[in-house]
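Chemist:
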Amino acid sequence: MKLNTLQLENYRNYDEVTLKCHPDVNIIIGENAQGKTNLLESIYTLALAKSHRTSNDKELIRFNADYAKIEGELSYRHGTMPLTMFITKKGKQVKVNHLEQS
Numbered sequence: 001m002k003l004n005t006l007q008l009e010n011y012r013n014y015d016e017v018t019l020k021c022h023p024d025v026n027i028i029i030g031e032n033a034q035g036k037t038n039l040l041e042s043i044y045t046l047a048l049a050k051s052h053r054t055s056n057d058k059e060l061i062r063f064n065a066d067y068a069k070i071e072g073e074l075s076y077r078h079g080t081m082p083l084t085m086f087i088t089k090k091g092k093q094v095k096v097n098h099l100e101q102s
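The sequence shown runs 1 to 102 under the UniProt record's numbering.
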């Protein structure tokens with residue numbers, strides 16, 4: 001599977017960002033403390049429905065925001081599949097191919 005797009009809303013230090021991934025190689029560069037690791041963490045979190053850096057999902061929500069949202073589109077042999085994670089201070093909702101996961 002390949003990640004085609006990634007959209008973040010109120011995720012860590014990101015207000016809103018949309019990333020369109022190249023099908024082969026993507027390089028992330030930037031100064032220290034600008035969000036490179038947060039971007040990689042968001043991909044991990046969307047794929048596994050949990051962060052590798054914290055067990056408290058509330059920490060993923062941008063300061064002074066009510067929620068965080070991670071959306072991605074994967075391509076695979078049979079087509080594409082959307083993934084969505086919506087995180088609030090009360091919990092999270094995960095959807096794979098528009099179907100809510102428990």
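Think of the CB as a built atom: it goes at the ideal place given N, C-alpha and C, for glycine as much as any other residue. Here the structure is a predicted model, which means the values were calculated and not measured.
Consult DSSP for residue 150 and reduce its assignment to one of helix, strand or coil.
Modeler: Absent from the structure is residue 150, since the part of the chain shown begins at 1 and ends at 102.
Chemist: Work out the CA separation of Asn-32 and Ser-75 for me, nearest whole Å.
Modeler: On the sequence shown, residue 75 is found 75 positions in, with the first residue counted as 1. On the sequence shown, residue 32 is found 32 positions in, with the first residue counted as 1. C-alpha separation (whole angstroms): 31 Å.
Chemist: So for Asp-15, helix, strand or coil by DSSP?
Modeler: For the purposes of this step, residue 15 is taken as residue 15 along the sequence shown, with counting starting at 1. The answer is strand: DSSP assigns Asp-15 an E or B state.
Chemist: Smallest Cα separation from His-15: which of Gly-35, Leu-3 and Glu-73?
Modeler: Counting from one through the sequence shown, the residue named residue 15 turns up at place 15. With the sequence shown as reference, residue 15 is identified as Asp, and His is not the correct amino acid for it. Nearest of Gly-35, Leu-3 and Glu-73 to Asp-15, Cα basis: Gly-35.
Chemist: Does the distance from the C-beta atom of Lys-69 to that of Leu-8 stay below 9 Å?
Modeler: Taking the first residue of the sequence shown as 1, we reach residue 69 at position 69. Taking the first residue of the sequence shown as 1, we reach residue 8 at position 8. Cβ distance < 9 Å, so Lys-69 and Leu-8 count as in contact.
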